[in-house]
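Just so you know, the sequences run in chain order H and L.
If you count by the numbering used here, then the first sequence holds residues 1 to 293, one letter each, in order.
If you count by the numbering used here, then the second sequence holds residues 1001 to 1545, one letter each, in order.
For every residue, glycine included, the Cβ atom is placed at its ideal position computed from N, Cα and C.
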Amino acid sequence: MGNEPEHNEVRAGAAPPEQTSAASPAGPSAAPGTLGAAPAVRIQGLWKKFGEQIAVHGIDLTLPAGRFIGLVGPNGAGKTTTLSMVTGLLRPDSGVVEIGGHDVWGDPVAVKSRIGVLPEGLRLFERLSGRELLAYMGRLRGLPGDEVDKRAGQLLDVLDLAGSQHKLVVDYSTGMRKKIGLAAALLHNPEILFLDEPFEGVDPVSAQTIRGVLERYTASGATVIFSSHVMELVESLCDWVAVMAGGRIRADGPLAEVRGAAPTLQDAFLELVGANDRGAGQSLDWLGGGGAR
Amino acid sequence: MSTESTAVAAPRAAAPNLTAVFVRLKLTLLRNGLRQSAGRTVAYVSSVIVGLLFAAGAVLGLIALRGNVHVGALAVLLTGILTLGWAVMPMFFPTGDETLDPTRLVMLPLRPRPLIGSLLVTSLIGIGPVVTLALVTGAVVALADGPAAALVGVLAVVLVVLVCVALARAVATASVRLLTSRRGRDLAVLSGLFIALGAQAVNIAAQKLGRPDGLAVLEPLGDVLRWLPPASAIGAVEATGQGAYGRAVAGMALAAVALALLLFWWQRSLTALMTSPDSSTLQAVEKDSARRSGSGEGGLVRLLPGGRTGPVMLRTLRYAWRDPKSKMSWATALGAGLLAPIVSSVQGNGSIYTAFSAPALLGLQMYNQFGQDTSAFWMVASTIATPRDAYQELRARACTLALVAVPYVTLVSVGAAAFIGPWSDFLQVYGLSLALLGALIGTGAVTSVIFPYSIPSEGNKNVAPGQGSIAWFSLFGGVLVGALLCAPLLGLTIWLHVAGLHHLLWILLPLGVLYGTGAAVLGLRLAAPRTVRRLPEILAAVSKG
Chain H
1 MGNEPEHNEV
11 RAGAAPPEQT
21 SAASPAGPSA
31 APGTLGAAPA
41 VRIQGLWKKF
51 GEQIAVHGID
61 LTLPAGRFIG
71 LVGPNGAGKT
81 TTLSMVTGLL
91 RPDSGVVEIG
101 GHDVWGDPVA
111 VKSRIGVLPE
121 GLRLFERLSG
131 RELLAYMGRL
141 RGLPGDEVDK
151 RAGQLLDVLD
161 LAGSQHKLVV
171 DYSTGMRKKI
181 GLAAALLHNP
191 EILFLDEPFE
201 GVDPVSAQTI
211 RGVLERYTAS
221 GATVIFSSHV
231 MELVESLCDW
241 VAVMAGGRIR
251 ADGPLAEVRG
261 AAPTLQDAFL
271 ELVGANDRGA
281 GQSLDWLGGG
291 GAR
Chain L
1001 MSTESTAVAA
1011 PRAAAPNLTA
1021 VFVRLKLTLL
1031 RNGLRQSAGR
1041 TVAYVSSVIV
1051 GLLFAAGAVL
1061 GLIALRGNVH
1071 VGALAVLLTG
1081 ILTLGWAVMP
1091 MFFPTGDETL
1101 DPTRLVMLPL
1111 RPRPLIGSLL
1121 VTSLIGIGPV
1131 VTLALVTGAV
1141 VALADGPAAA
1151 LVGVLAVVLV
1161 VLVCVALARA
1171 VATASVRLLT
1181 SRRGRDLAVL
1191 SGLFIALGAQ
1201 AVNIAAQKLG
1211 RPDGLAVLEP
1221 LGDVLRWLPP
1231 ASAIGAVEAT
1241 GQGAYGRAVA
1251 GMALAAVALA
1261 LLLFWWQRSL
1271 TALMTSPDSS
1281 TLQAVEKDSA
1291 RRSGSGEGGL
1301 VRLLPGGRTG
1311 PVMLRTLRYA
1321 WRDPKSKMSW
1331 ATALGAGLLA
1341 PIVSSVQGNG
1351 SIYTAFSAPA
1361 LLGLQMYNQF
1371 GQDTSAFWMV
1381 ASTIATPRDA
1391 YQELRARACT
1401 LALVAVPYVT
1411 LVSVGAAAFI
1421 GPWSDFLQVY
1431 GLSLALLGAL
1441 IGTGAVTSVI
1451 FPYSIPSEGN
1461 KNVAPGQGSI
1471 AWFSLFGGVL
1481 VGALLCAPLL
1491 GLTIWLHVAG
1501 LHHLLWILLP
1511 LGVLYGTGAA
1521 VLGLRLAAPR
1531 TVRRLPEILA
1541 AVSKG
């Protein structure tokens, strides 16, 4: 990632001219958590139904800028649907989403250049090599070619992908895919990064690499919003948490506040979701002991 | 689904009789496969009927040829083709038979030697072995002359069928690494192309053999195949009938040795497979030296324009080469576009207007542009914010198509004029071709946005289940509109002909160029704002399946 001046200069180059003048104080150079700064994300009355099933059940949520934010919940809680709608990849049935004060559906120009996305369950252009993919995405974002190649080289180095940069993404492992996806999401130096399950199926070494990059990125004042169902991970990474279950937000706020009196976030979460009394009962009494058959 | 029950059922019953277990497993898999849907049952039953009818026809044909001088060569050749079919079958249908996949058995406590016997017996169940048995029997009946030959014939039939089945198993086992790898799956997608090419070859061969005394052509080939197992066993039947017992013994021995070697090879690769890590834990070995120079990029890439256009064109061109689905569709369009004029030129009664198949088929490549991206379209969607972005994206894709299509259409038009003629019609055909190409690019851009559908990346299907009607509607509707768009030019052509103004026909070339460009640009302009409005809907449509 560049230093601060380069940061701003490139953003001005990357964004269409009409947007530069409208840039809000929520830029990455603004101090994190400044009073009066627009929140990173503001969601109001967000609904999404798939047939009969309600995936997202009228969410209201405000996420502050400059934080490392975790969206946690069990499988099927609506995390992916919510993140897809927030990033403009899925149209909500109703509701308002604002990113940095700009409406996602009303002002896509302002929003799309400010966010980086790593969705879950969608493919990449897998028949490109890692380096070609970054070169393609950077140029699509309107960055100058030399700058794209420079940044791509640095990202590939930092993410430990330099050795596989000429391999097709289709031959990458899960961890490598997540890393190249992260690189593609960071290439245009977004203010807010949305990551859907960035650590799912990732080996510990890659996970540590991803973690390091994300921590460096938030330290510069940028916002990371990621979803996960691994509580320990969220607890160790995030300073702000939103708990989702059954398509609703059950709790949100600073980590300590959501955790409350519970010893760990895991316990607090199970209490919120109401699933902490489901032990392995007597029905598996034959299991273990090393007896035959 | 069925595999789970397999894994549970196999070890429990393994103790009594392995062969019986595998036979039952195969029958269960067949039955469960049929139970999945009525359509599958119908498809299976009709394939059985077609297979049996084909076999019956071939057998009757062979028996009718009994006594023909060249029937020996034909029977031997038929056996050779059958064997070849068995050898390549696992390449094209790697997932066709689940019991063919030895990796599913790796976790079971089985030894290779008894396993091979059981698997060989299991492989004999199915429509393929039955058809093979019928064909080989037919060949032997056509050849066998005398009781000795009949006796050898029975042995030969058994040997040939066993060699065929063992060959398919051995090849599948030896190449399972390849077949389960990405390259193998890519190959399977392209298999349709090979089958189409093979069908053409068969077609041409059949025409040649259909001529009087056509069978004589086979003799040189038959002479070679008579010494190649397992066709050598069929050769042995003929040799026995002719009293050449030495040749007969040699032929049978060759086939038997081949069977033994195949079983040995099969057992070795099975052992290797079951005692080494499976492909999912191995990193794909890749030749990436070609792409290593990629960052610098060769001279031609530098010629691509900057901005959004160049990268999109480069990506599309790379996909045309690297993505099996894109490659397949490009190859089909280029091949089929050429086929009509060539066939018509060979037959000698063709028309220069068959050259229109080139712009028609290449123009269709513009349809369902975003479906070709699969769900990776989100990467495109996340960078499109204005109609201008969308216009540039679509224009770049159209330019890529034009980059290939315009020279190709030129080539086909010139070729048609040269080989079919007359040259006097060249300018109007060329002009109308370019107009048609432009119209299809324009309507293709619009339908790509209004009727996107997803293309499953694996298998031979080009439309995800449930989206077939969208696909047909967009293709047929688009082609119809594209043709209608060309109506004014067609009208002008006809009028010029009717009015006898032949000296003015050249005007159709500049008009066609203008008209095609105009139609394409208009289509792109209409499609661009709709693309921006429908980005999430397009993404949802192309992510299905």
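Span separating the alpha-carbon of L63(H) from that of G145(H): The straight-line gap from Cα to Cα measures roughly 34 Å.
Per-residue contacts from T1308(L) into chain H (C-beta, under 9 Å): Correcting the residue type first, residue 1308(L) is Arg in the shown sequence and not Thr. Result: R139, L140 and G142.
Closest by CA to L46(H), which one among T81(H), P254(H) and A207(H)? Nearest option by C-alpha distance: T81(H).
Pick from A1255(L), L1403(L) and S1375(L) that is closest to M1366(L), judged by C-alpha positions: Closest by alpha carbon: L1403(L).
Indicate whether at least one CB of chain L lies closer than 8 Å to the CB of P190(H). no
Measuring CB atoms only, is the region 1373-1386 of chain L touching the region 1535-1543 of chain L, in the sense that at least three cross pairs come out at less than 8 Å? yes
Sequence-distant residues of its chain with Cβ nearer than 7 Å to A14(H) (five each side left out): At A14(H) the pLDDT is 38, less than 50, meaning the model places this residue with poor confidence; the figure from the coordinates comes in the next sentence. Closer than 7 Å at Cβ, skipping near neighbours: S113, R141, G142, L143 and H188.
Could you pull the start and end residues of the beta strand (DSSP E) that F1426(L) belongs to? Run containing F1426(L): none in the beta strand (DSSP E); it sits in the alpha helix (DSSP H), F1426 to I1450.
Under a three-way DSSP split, which group does G1468(L) fall into? G1468(L) falls in the helix class under three-state DSSP.
Below 8 Å CB to CB, which residues in the same chain sit around I1384(L) once its five sequence neighbours on both sides are set aside? Cβ contact annotation for I1384(L) (same chain, cutoff 8 Å, sequence separation greater than five): A1390, E1393, T1531, V1532 and L1535, in chain order.
Backbone CA spacing between T1240(L) and L1364(L) [nearest angstrom]: 58 Å
For L1539(L), which residues in the same chain have their Cβ closer than 6 Å to its Cβ, ignoring the five residues on either side in sequence? F1377, W1378 and A1381
By the criterion of Cβ-Cβ separation under 9 Å, what are the contact partners of Y1453(L) in chain H? Per Cβ cutoff of 9 Å: no residues; Y1453(L) is ~16 Å from chain H at best.
From the DSSP output, in three-state form, read off W286(H) for me. In the structure shown, W286(H) adopts coil according to DSSP, grouped into three states.
Neighbourhood of I210(H) by C-beta distance below 8 Å, restricted to the same chain and skipping five residues each side: L159, K178, K179, L182, P198, F199 and V202
Within 10 angstroms of its Cβ, does P1114(L) collect 16 or more other Cβ (buried), or is it exposed? By the neighbour-count definition (other C-beta atoms within 10 Å, threshold 16), P1114(L) is an exposed residue.
9 Å Cβ cut-off: residues of chain H touching M1366(L): By Cβ distance, chain H contributes nothing, its closest Cβ being about 19 Å from M1366(L), past 9 Å.
So the candidates are R1322(L), L1514(L) and L1489(L); which of them puts its Cα closest to the Cα of L168(H)? Residue nearest to L168(H) within the set R1322(L), L1514(L) and L1489(L) is R1322(L) (criterion: CA-CA distance).
Rounded to the nearest angstrom, what separates H1070(L) and L1162(L) at their Cα positions? 26 Å
Between G1057(L), P1230(L) and R1247(L), which has its C-alpha nearest V1257(L)'s C-alpha? P1230(L)
In angstroms with no decimal places, state the Cα-to-Cα distance between V273(H) and A245(H). 7 Å
CA-to-CA distance, Y1453(L) to P1359(L), given in whole angstroms: 23 Å
Can you tell me whether L1514(L) is helix, strand or coil according to DSSP? helix
Cβ distance (whole Å) where G116(H) is taken to contact P39(H) below 8 Å: In fact, because the Cβ distance is near 18 Å, the residues do not count as touching under 8 Å.
Under the assumption that L1167(L) contacts W1086(L) (Cβ atoms under 8 Å), give the Cβ distance between them as a whole number of angstroms. 5 Å
I'd like to know if V56(H) contacts chain L, where contact means its C-beta is closer than 8 Å to some C-beta of that chain. no
Among the candidates T1028(L), A1156(L) and L1060(L), whose CA atom is the shortest distance from the CA of R1226(L)? A1156(L)
What three-state label does DSSP hand S21(H) in the structure shown? The predicted model places S21(H) with a pLDDT of 38, which falls under 50 and marks its position as unreliable; any figure quoted below should be read in that light. Residue state, collapsed to three classes: helix.
According to the Cβ coordinates, are I59(H) and I43(H) closer than 8 Å? yes
Can you name the residues of chain L whose CB is closer than 7 Å to the CB of G108(H)? The sequence shown places Pro at residue 108(H), not Gly. What P108(H) touches in chain L: A1385.
By DSSP's criteria, Q1372(L) is part of a beta bridge. Which residues make up the other side? As computed with DSSP, Q1372(L) is found in no beta bridge at all.
In terms of DSSP beta bridges, what is Q44(H) paired with? V96(H)
Closest to Y217(H) by C-alpha separation, out of E235(H), L193(H), G153(H) and R91(H), would be which residue? L193(H)
Contact check, A1435(L) vs L1480(L), beta carbons under 8 Å: no
Cβ-heavy atom distance between L1062(L) and the ligand NAD below 7 Å? The ligand NAD is not among the ligands present in this structure, which contains no ligands whatsoever.
Can you give the Cα-Cα distance for V1176(L) and D1186(L), rounded to whole angstroms? 14 Å
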